[in-house]
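Count along the sequence shown from 1, then add 1; that gives the number in my numbering.
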Amino acid sequence: PRVGYAMTTEGHYLVGDAADASVYAALRALIPHQAYLVVEPEAWVAVLDEIWDNPFARRHERKSYRLASAHMPGWRAQIPDGYVPERVDAAFLARTDLRHHDEIAERAAEWPSVDDFLARGFGFCIVHGDTIASRCIADCVVDRRCEVGVGTEPAHRRRGLGSAVVAAAVEHCVQSGFTHVGWHCLRSNRGSIAVAERTGFRHVADYAAYSAVLPAENPGDLTEAECIDWALHYERASDAIGWYAFFAAGAWALAGDRARSLRNVQRLLDNGWRGRPQWLERNWMFASMQADPAFQQQIAALRAAQETA
2 PRVGYAMTTE
12 GHYLVGDAAD
22 ASVYAALRAL
32 IPHQAYLVVE
42 PEAWVAVLDE
52 IWDNPFARRH
62 ERKSYRLASA
72 HMPGWRAQIP
82 DGYVPERVDA
92 AFLARTDLRH
102 HDEIAERAAE
112 WPSVDDFLAR
122 GFGFCIVHGD
132 TIASRCIADC
142 VVDRRCEVGV
152 GTEPAHRRRG
162 LGSAVVAAAV
172 EHCVQSGFTH
182 VGWHCLRSNR
192 GSIAVAERTG
202 FRHVADYAAY
212 SAVLPAENPG
222 DLTEAECIDW
232 ALHYERASDA
242 IGWYAFFAAG
252 AWALAGDRAR
262 SLRNVQRLLD
272 NGWRGRPQWL
282 ERNWMFASMQ
292 ADPAFQQQIA
302 ALRAAQETA
């Protein structure tokens with residue numbers, strides 16, 4: 002074989018001879034419109050429009066890190082009062098009393114099975130009362146190699162929780178004999194980069210992905226001008242594929258233009274969008290919109306329409 006293509010929970014990967022036009026049609030039928038696509042070599046970029054039915058995808062700059070040394074052996078002592086570190090085991094996955102627990106369950110469900118995650122994967126959370134405040138979950142494990150992902154709820158940031166929960170996972174990896182612990186993030190995610198470097202990860206490579214999703218994971222990752230550029234891009238895309246208005250609304254919210262954000266949400270509602278109300282309530286792009294009565298009315302209208310459908 003001269004071309005290889007892999008679909009994973011973390012992205013879609015295309016390698017091999019980009020000049021082999023005999024596979025273009027098969028790739029175009031295989032690669033989903035919503036793929037998060039990484040290609041190697043760069044020659045594939047010149048033929049993306051021939052192998053992929055997504056004219057709205059753009060380049061995302063990304064960074065790759067690898068664990069070099071464990072920098073936080075005393076991480077437990079650095080966790081603030083009221084926060085409790087917990088291992089993601091079968092008992093933790095069975096709990097129903099924790100806010101954001103569904104996000105952990107969804108991560109485990111991305112594995113071949115939850116039992117497979119419990120047998121080969123790992124995860125750690127820091128809990129505050131009835132809320133999972135921070136988490137570090139194994140994205141994938143192959144033999145003694147693994148990749149991890151981290152996230153902290155906005156209300157609990159700037160307290161060292163991200164570093165502490167990653168340190169817990171790193172400690173587990175070292176004790177379990179992992180020889181490679183990897184970390185990937187967007188170049189725009191300064192918070193993720195800071196946590197990686199603080200906990201012993203070393204930058205090893207820059208690379209690119211191609212996608213039509215926003216290349217950001219937090220408010221402030223992109224400048225106002227970048228958000229406006231993406232919002233306009235999504236509005237053009239929504240003329241062809243209606244659900245891109247969701248991303249247009251999110252980008253306008255990040256740019257501080259509530260009126261245009263509301264306008265795009267209304268486009269979704271008017272066109273019978275089948276998205277979940279929680280996508281508007283919990284997506285980080287819409288954090289600034291949550292106190293807007295008009296936005297809440299739109300969410301209520303979406304929920305009512307789906308309950309009567």
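Glycine residues also receive a C-beta, built at the ideal position from the N, C-alpha and C atoms. Computed from a prediction, not measured in an experiment: that's the story for all the values here.
- Message: Measuring alpha carbon to alpha carbon, tell me which residue in Gln79, Arg121, Ala109 and Ile105 is nearest Thr132.
- Response: Ile105
Check your understanding: By Cβ distance below 8 Å, which residues in the same chain neighbour Ala206 in space, the five residues on each side in sequence not counted?
Key -> Lys64 and Ser65
key: Residue interval of the alpha helix (DSSP H) (run including Ser193)   = Arg191 to Arg199
Original post:
What's the C-alpha gap between Ala78 and Leu162?
Top reply: 12 Å
- Determine the contact status of Phe125 and Ala169, defining contact as a CB-CB distance below 8 Å. yes
- Task: Return yes when the Cβ of Phe93 is within less than 8 Å of the Cβ of Tyr245, no when it is not.
- Result: no
| Contact check, Leu68 vs Val143, beta carbons under 8 Å | no
### Task
Would you mind listing the beta strand (DSSP E) stretches within the region 125-165 that are 3+ residues and don't spill past its ends, in chain order?
132-143 and 146-153
Original post:
If you count every other CB in all the chains shown that lies within 10 Å of the CB of Ser70, and 16 or more means buried, which is it?
Top reply: exposed
Discussion item. Quick test of your reading: Ile32 and His13, contact by CB under 8 Å. State the CB separation rounded to the nearest angstrom.
Written reply: 6 Å
Expressed to the nearest angstrom, what Euclidean distance is found between the alpha-carbon atoms of Ala26 and Glu51?
8 Å
Practice item. Tell me the start and end of each unbroken alpha helix (DSSP H) in the region 2-44 that is at least 4 residues and wholly inside, in chain order. Key: 25-31
Between Trp253 and Arg261, which are expected to be in contact by the criterion C-beta below 8 Å, what is the C-beta distance as a whole number of angstroms?
4 Å
message = For the region 98-117 against the region 194-212, do three or more pairs of beta-carbon atoms, one drawn from each stretch, fall closer than 8 Å, so that the two count as touching?
response = no
Exercise for the section: Pick out the complete alpha helix (DSSP H) segments inside the region 73-117, 4 residues or longer, and give them in chain order. Expected result: 91-94 and 102-110
Coil, strand or helix - Phe202 by DSSP = strand
query = What whole-angstrom Cβ distance do Val166 and Gly201 have, given they're in contact under 8 Å?
reply = That pair is no contact at about 14 Å.
Practice task
If I'm right that Ser189 touches Pro216 with Cβ under 8 Å, what's the distance once you round it to whole angstroms?
Solution key: 6 Å
ask   = By a C-beta neighbour count over all protein chains shown, 10 Å radius and 16 as the cutoff for buried, is Thr9 buried or exposed?
value = exposed
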